[in-house]
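Participant: Let me begin by handing over the structure; questions about it come next.
Numbering (this note's numbering), first residue to last: 333 to 477.
Here it is in structure tokens:
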């Protein structure tokens, strides 16, 4: 099924699973706008069973943190201070957390590229901000592997 606004694409071995110790779905924000990151932390903090474990602003930090921490979901901007969201996706490969691309650049060619790289959700910041909590709840409620 093609990636669309809030359409799920299942990828083997990438289903989020809640942390056994805390029970929380662990989320990493990859967002270079401090104002938006603050708003996202606020919104996500109101969802039970969710823990935002950090916010990073560049490709290298996103890759390092996603590899070094028990992260279940990346909310990933495509345009970063250094590097790109596509660079993050290429570096992490198939054995990675679930990805929600959250971008102002929701162009058809970006959507196609995200689909080729196995992104689960592709959301437009301007049009889909209100849908993000619904997507997070869906991921938090997904069967655990």
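In this text, a Cβ means the ideal position worked out from N, Cα and C, and glycines have one as well.
Please read all numbers here as calculations on a predicted model, not as lab measurements.
1. Taking only the alpha-carbon atoms, compute the straight-line gap between residue 453 and residue 400 and give it to the nearest angstrom.
2. Pick out whichever of 386, 361, 420 and 380 has its Cα sitting closest to the Cα of residue 392.
3. According to the Cβ coordinates, are residue 432 and residue 405 closer than 8 Å?
4. With respect to the alpha helix (DSSP H) encompassing residue 375, which residues constitute its N-terminal and C-terminal limits?
5. Can you give, in chain order, each stretch of the alpha helix (DSSP H) that sits fully within the region 408 to 449 and has at least 4 residues?
6. Just curious, the beta strand (DSSP E) that residue 395 is in, first and last residue?
7. Can you tell me where the alpha helix (DSSP H) holding residue 500 begins and where it ends?
8. Can you round the beta-carbon distance between residue 397 and residue 360 to whole angstroms, since I take them to be within the 8 Å contact cut?
9. How many Å lie between residue 387 and residue 459 at the Cα?
10. What residue range is occupied by the uninterrupted beta strand (DSSP E) comprising residue 287?
Facilitator: This is what the structure gives:
1. Reading the chain shown from its first residue, position 121 is the one you call residue 453. Reading the chain shown from its first residue, position 68 is the one you call residue 400. About 23 Å.
2. Counted from its first residue, the chain shown places residue 392 at position 60. The shortest C-alpha separation from residue 392 is found at 420.
3. Position 100 of the chain shown, counting from 1, holds the residue named residue 432. Position 73 of the chain shown, counting from 1, holds the residue named residue 405. Residue 405 is positioned such that its CB atom lies closer than 8 Å to that of residue 432.
4. In the chain shown, residue 375 corresponds to position 43, counting from 1. From DSSP, the alpha helix (DSSP H) with residue 375 extends over 366 to 377.
5. Counting only runs of 4 or more, we get 417 to 424 and 440 to 448.
6. Reading the chain shown from its first residue, position 63 is the one you call residue 395. Per DSSP, residue 395 belongs to no beta strand (DSSP E); it is in the alpha helix (DSSP H), 391 to 400.
7. Residue 500 is absent from the structure shown; the chain starts at 333 and stops at 477.
8. Position 65 of the chain shown, counting from 1, holds the residue named residue 397. Position 28 of the chain shown, counting from 1, holds the residue named residue 360. Indeed they touch by this definition, with Cβ atoms about 6 Å apart.
9. By one-based count along the chain shown, residue 387 stands at place 55. By one-based count along the chain shown, residue 459 stands at place 127. So the alpha carbons of these two residues sit roughly 22 Å apart.
10. Only positions 333 to 477 of the chain appear in this structure, which leaves residue 287 out of reach.
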